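Residue numbers (this note's numbering), protein chains in the order written: chain Y, 42 to 123; chain H, 42 to 123.
Spelled out as structure tokens, the structure:
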């Protein structure tokens, strides 16, 4: 299992409800890919969303995001953390 | 107080020790600006580092990073989180 930070652009104006609903949609199916979405943060001004997850591969993370309709623009494995 | 995600590019090959030392350097002086650096994650392959912090302004966050020698390339206020 690895840790990933994925980034979504173009989410200008995202609301707290929309972020929560997107996160809940991911959580509802994440087990299909052995992924867990831990936290997410959104900047509605620049339209940037960051999601922290664990899973077996970046493709597994992307498959969940694809199925819930919000494909990530970048997925970075982040093996180092403090 | 607000929450910020700041991003550093160009850190290809960063090691666990370097990330920890950079974070410790920030923690050592963060009170000067009323900032707190909570966590950081690094992808040494793409050279990307994400730092999660709280503070009074993005400029306050940047002043700490400037003094410790690792200016952020982007600082996003992230008022929404799950």
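Positions of the beta carbon are idealized from the N, C-alpha and C atoms, including for glycine.
Small disclaimer: the values here were computed from a predicted structure and weren't measured.
- Okay, do the region 74-91 of chain H and the region 45-60 of chain H touch, 3+ Cβ pairs below 8 Å being the bar? As far as the Cβ criterion goes, the region 74-91 of chain H touches the region 45-60 of chain H, which means the pair count is three or higher.
| said: So residue 101(H) and residue 76(H) are supposed to be a Cβ contact under 8 Å. How far apart are they, rounded? | reply: Rounded, the Cβ-Cβ distance is 5 Å, consistent with contact.
Is DSSP giving residue 80(H) helix, strand or coil here?
Look at residue 80(H) here: in three-state DSSP terms it is strand.
**Q.** Pick from 47(Y), 53(Y), 114(Y) that is closest to residue 86(Y), judged by C-alpha positions
**A.** Of the candidates 47(Y), 53(Y), 114(Y), the one whose C-alpha sits nearest the C-alpha of residue 86(Y) is 53(Y).
**Asked** Closer than 8 Å, CB to CB, is residue 73(Y) near chain H or not?
**Response** Taking Cβ atoms only, chain H never reaches closer than 8 Å to residue 73(Y), which makes this a no.
Self-check item: CB contact below 8 Å: residue 109(H) versus chain Y
Solution: No, its Cβ sits nowhere closer than 8 Å to a Cβ of chain Y.
Q) Would you call residue 50(H) buried or exposed, if buried means 16 or more other Cβ atoms sit within 10 Å of its Cβ? A) In the assembly as shown, residue 50(H) is an exposed residue. Its beta-carbon has fewer than 16 other beta-carbons within 10 Å.
Can you find a CB in chain H that lies within less than 8 Å of the CB of residue 42(Y)? So no, residue 42(Y) is outside the interface.
Minimum Cβ-Cβ distance from residue 87(H) to chain Y less than 8 Å:
Yes, because at least one Cβ of chain Y sits closer than 8 Å to the Cβ of residue 87(H).
task = Over the uninterrupted beta strand (DSSP E) stretch that includes residue 48(H), give me the two end residues.
result = From DSSP, the beta strand (DSSP E) with residue 48(H) extends over 43-49.
Where the alpha helix (DSSP H) containing residue 117(H) begins and where it ends:
No alpha helix (DSSP H) holds residue 117(H); the beta strand (DSSP E) holding it covers 115-118.
Which bits of chain Y does residue 55(H) rub up against, with CB to CB less than 9 Å?
Chain Y residues near residue 55(H): 121.
query: Can we say the region 64-72 of chain Y touches the region 96-115 of chain Y, given the rule of at least three CB pairs closer than 8 Å?
result: Verdict: yes, contact present.
### Task
Could you check which residue in 89(Y), 56(Y), 119(Y) has the C-alpha nearest to that of residue 96(Y)?
For residue 96(Y), the closest of 89(Y), 56(Y), 119(Y) by C-alpha to C-alpha distance is 119(Y).
Any idea which residues DSSP pairs residue 90(H) with across the strands? Beta-bridge pairing links residue 90(H) to 49(H), 83(H).
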